[in-house]
Amino acid sequence: MALPTITATGNLAADPELRCTPNGTAVATFTLACNDNRKNDRGEWEQVGTTWLRCTTWQQRAELAAEQLTKGDTVTITGRLRQDDYEKDGVKRTAYQVDVLEVARPLRPGTSRQGAAAGGTLTATSNGPSGRPNGPQTGTQPLAQRPPF
Numbered sequence: 005m006a007l008p009t010i011t012a013t014g015n016l017a018a019d020p021e022l023r024c025t026p027n028g029t030a031v032a033t034f035t036l037a038c039n040d041n042r043k044n045d046r047g048e049w050e051q052v053g054t055t056w057l058r059c060t061t062w063q064q065r066a067e068l069a070a071e072q073l074t075k076g077d078t079v080t081i082t083g084r085l086r087q088d089d090y091e092k093d094g095v096k097r098t099a100y101q102v103d104v105l106e107v108a109r110p111l112r113p114g115t116s117r118q119g120a121a122a123g124g125t126l127t128a129t130s131n132g133p134s135g136r137p138n139g140p141q142t143g144t145q146p147l148a149q150r151p152p153f
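First residue of the sequence shown? That's 5 in my numbering, and the numbers climb one at a time after it.
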């Protein structure tokens, strides 16, 4: 059975952390804060909760994320969702982990397609640590030819 695929938009809680595995494979981790906003009885928007997603991405996508993303950036991620249950101080907790397949910045009005603030997507055709494809296999541009996201 495959893990569920998720697409989420949120803000980076901190700069991505780039590391290398013992065999030299780049891996970046970051936390995405996805806020739940709703209108209250007065018709005003208010934040009613935040879902924290721990994200991991590999190889070229990891290097680009570490180079181009910073704390507070709004991004949209797509990946495989995993649930990790653990116990801390006698309290059962749940954390959600996303093995990221794509990272994109939302398009912003009033920016040119060629500008640094223009939206874009990180899509790689490399394999993840399990040896399975870590992203779409057809119809993608090599990362080197993509504009910054």
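A virtual CB, placed ideally from N, CA and C, is assigned to each residue, including glycine. If you're wondering where the values come from, they're calculated on a predicted model, not measured in any experiment.
- Taking every protein chain shown into account, the CB of Q87 has fewer than 16 other CB atoms within 10 angstroms, so this residue is exposed.
- Fully enclosed alpha helix (DSSP H) runs of no fewer than 4 residues are not present anywhere in the region 77-106.
- Of all C-beta pairs linking the region 90-100 to the region 60-67, fewer than three are shorter than 8 Å, placing the two stretches out of contact.
- According to DSSP, L16 shares a beta bridge with L36.
- The continuous stretches of alpha helix (DSSP H) do not include R23, which lies in the beta strand (DSSP E) extending over residues 21-24.
- In the three-state scheme derived from DSSP, where H, G and I count as helix and E and B as strand, A69 is classed as helix.
- Under the Cβ criterion (8 Å, minimum of three pairs), the region 21-36 does not count as touching the region 45-54.
- Counting along the chain, the unbroken beta strand (DSSP E) around E50 starts and ends at 49-62.
- For the 8 Å CB-CB criterion, R84 and V107 do not form a contact.
- A distance below 7 Å between beta-carbons, with the five flanking residues on each side excluded, links A37 to the following residues of its chain, in chain order: G14, N15, A17, T54, W56.
- Y90 sits away from R58, with the two beta carbons spaced by 8 Å or more.
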